[in-house]
Structures are given as structure tokens and as C-alpha cells.
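Colleague: 1 is the number of the first residue of the sequence shown in the UniProt record's numbering; add one for each residue after it.
Just so you know, even glycine gets a beta-carbon here, dropped at the ideal spot from N, CA and C.
Below is the structure I would like to discuss, written out as C-alpha cells.
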Amino acid sequence: MTFTQLEIFARVAELRGFTLAATRLGISQSAVSHALKALEQEMGVELIHRHQAGVELTDIGAQLLSRAHEMLGLCETMYQEAADARGMKRGTLRIGSFGPSASMKLLPGILKHFRQTYPGIEVRIDEGTDQEVISWIQERRVDVGFVVLPEDKFDTTVLCEDQMVALLPANHPLTTQQSVTLAALCEGPFIMTEAGSGPLLQRLFSAQKQMPNVLHRSAQLISTLAMVEMGYGVSILAEQALPERGLLHADSYVKKPLDPPVTRSVGLAVLDERQASPATKAFIRIAAGLHQKRPAP
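Next comes the structure, spelled out in C-alpha cells:
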């Protein structure tokens, strides 16, 4: 078994195909197929089902994939620790990011400073929902990820706090109020986000013994905004996630603070800070220096 074989296995599983994996790795498709077949023969099990529509992990393949990610992560950490001794001139950093709060408001500034300081480190960014980022961290698919805190499964660093706001159609009666209670938001149709703030909202309603009249559920910010704009209902979102005025018809809805105020924290998470690579630790250090003890951008 070689690390090259493990990397090929991980890429085929991630991209669900031999051709895409070969392109990503810069090798021929036949080399990918040969390496994976050799790994399966050595392990004595079939790792991937091959069919016309693509590939699919077997049960044992899915189980061993997490081990492969763990071994590859430790190998990369060794390379980076050696690179750190030389001034961290090479290496790879894999980042998981979610939604506008992280991908548009936090990540760009952090990444700019990181690349200025460590231009030789290759940065790979995977974007998904907050729950996907959590899974990627657990699977060691990414080294560090932006998450909504608290997350007790990981070692975390708080970067900023963000106000939760009520989102109302422009002609909604509650727009005349200075602030809005959860009880008032429960009186009509509610659009429940299932993205970054979803678990927080569920805990919030439960704690105040309120039951929203959920008419729609949405995993995408744009869909939630569109439904509010059309008057389908009200919602609650993180203020930092909202687009700037003038973008995405941002004047077609009204935001109001909640009464009592509700905040959420966004930060960075790693599986085990003690095993984090030098590049990961440097990224967290730069992020903390830029954002800790500052208001949300």
C-alpha cells in the first residue's frame, strides 16, 4: 500500500469518477484505475462499485475511506512540519466554508493575509452547508472549517458574533415595530432556514416554548429571501449573511432586531488542535488576529 494509492482512492471517492480524479491528480485514467485495482487486490476487498453512471463506495470502502483520510492528513502534517522547519515554503491547506457569512464576509480577508505570509502553501476550498463542513472535518476531508458555534466535537476558535434578525415582507404589519418577538413571528406563515442558523432557531423556539407555523423550509439563502420578498412568510436569519443593499432585491424586505436580542457565534473548527498541521495553525492564528474582539463585518 502506498500513499499515492490512498490519495487516488480518496479522490475517486470524493469526485465519484475515474476521469475527474485523473484530471484533478494530473495523471491518466488508466493509472487511476490500475492503482485502485492494485489497492483492492492488496486489501482483499472491493472498495468501489463501478457502473455506467459512475462509481459508488462499497460499505467497507466507505469505512476505510475515513482511515485513508486520516493517514493522508497525518502524512500531510509530517510534510508541513518539515516545511515549517524550512520556513513553511510548501504544503497544502484544505478549508471548509459555508454560506455568505463565512465564504463572502470572513474568508476573503483571512485568505488574503495568509497568502501574503505563506505564498507557497496551496489552498483548497470546499463550500457547502454548515452540516457538510462539520462532516468534512470529521472525515478529515478538510483541515479546518468555518462552523456555527458551539460545536463540542471539535477544538474551536471564535471569530465573531452576529445578530439574528427577523426578515419581513416590505408590506408586513410588523415592519412598524422597533423590534419583533418570536411569539409575533409565530402568528403567521414562517420560512424555516435549514442552513447555518437552522439548529440555533430550533433551540431558540424550543427554549421560549414557541411553535412557528412553518410553511416552507429552505437550505439556500437566496430561496429564503425570495420567498420573504414574495410575501410567502417571515423568517429569521443571521444579519451577516444578508446581501448588501441594492443586491438581490435587498430593498424588497425589511429586517428587524429580535426582542430579546439573539446572537450567534461563527468560528473555525479542527478535529484535534494538537494534530493540526503548521499551515492550519497559521491560518487560525491569522484569522483570530483579524477578527477576534471585533464586531461582525
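(1) Give, in chain order, every unbroken run of the alpha helix (DSSP H) that is at least 4 residues long and sits entirely within the region 179-232.
(2) Considering only residues of the same chain and omitting the five flanking positions on each side of residue 103, which have a CB-CB separation below 6 Å?
(3) Could you tell me the distance, in whole angstroms, from the CA atom of residue 116 to the CA atom of residue 257?
(4) Kindly give me the distance between the Cβ atoms of residue 271 and residue 138, rounded to whole angstroms, as I take these residues to be in contact under 8 Å.
(5) Short of 7 Å in beta carbon distance, which residues of its chain neighbour residue 35, apart from the five on each side in sequence? Order them along the chain.
(6) Quick check: the region 55-75 against the region 22-30, are there 3 or more CB pairs under 8 Å?
(7) Please report the Cβ distance between residue 170 and residue 254, rounded to the nearest whole angstrom; I am assuming they are in contact, meaning their Cβ atoms lie under 8 Å.
(8) Alpha carbon to alpha carbon, how far is residue 148 from residue 190? Give it in angstroms, no decimals.
(9) Quick check: the Cα distance between residue 217 and residue 178, rounded to an integer number of angstroms?
(10) How about residue 88 and residue 48: are their beta carbons less than 9 Å apart?
(11) For residue 289, report the span of its alpha helix (DSSP H) as first-last.
(12) Please report the distance separating the alpha-carbon of residue 312 from that of residue 91.
(13) If you compare alpha carbons, which of 276, 133, 212 is closest to residue 188?
(14) Within its chain, find whatever has a CB closer than 7 Å to the CB of residue 125; leave out the 5 residues flanking it on each side and keep chain order.
(15) Tell me whether residue 105 is buried or exposed, calling it buried when 16 or more other Cβ atoms sit within 10 Å of its Cβ.
(16) Go to residue 301, then tell me how far its alpha helix (DSSP H) extends in each direction, as first and last residue.
(17) Can you grab the Cα-Cα spacing for the pair residue 163 / residue 119, in whole Å?
(18) Indicate the three-state DSSP secondary structure (helix, strand or coil) for residue 20 in the structure shown.
(19) Beta carbon of residue 259, beta carbon of residue 133: below 9 Å?
(20) Hey, quick one: how far does the beta strand (DSSP E) through residue 122 stretch, first residue to last?
(21) Determine the direct distance from the alpha carbon of residue 174 to that of residue 136, and round the result to whole angstroms.
(22) Count the other C-beta atoms from every protein chain shown that fall within 10 angstroms of the C-beta of residue 289, then say buried if there are 16 or more, exposed otherwise.
(23) To which residues does DSSP link residue 162 through a beta bridge?
(24) Rounded to a whole number of angstroms, what is the C-alpha to C-alpha distance between residue 226 and residue 77?
(25) By the three-class DSSP mapping on this structure, what secondary structure does residue 15 have?
(26) Do you know how far the Cα of residue 192 is from the Cα of residue 199?
Modeller: Looking at the coordinates:
(1) 182-185, 198-207, 221-229
(2) 97, 127
(3) 38 Å
(4) 7 Å
(5) Cβ within range, chain order: 4, 5, 8.
(6) no
(7) 6 Å
(8) Using only the alpha carbons, I get a separation of about 22 Å.
(9) Taking the straight line from one Cα to the other gives about 27 Å.
(10) Contact: no.
(11) 278-291
(12) Because the chain is modelled from 1 through 297, residue 312 falls outside the range shown and cannot be assessed.
(13) With distances taken between Cα atoms, residue 188 lies closest to 212.
(14) 95, 97
(15) buried
(16) Since the displayed the chain opens at 1 and closes at 297, residue 301 lies outside it and no answer follows.
(17) Looking at the two C-alpha atoms, the distance is approximately 35 Å.
(18) helix
(19) no
(20) 121-128
(21) Distance from the CA atom of residue 136 to the CA atom of residue 174, rounded to whole angstroms, is 40 Å.
(22) exposed
(23) 264
(24) For residue 226 and residue 77, the distance between alpha carbons rounds to 44 Å.
(25) helix
(26) 10 Å
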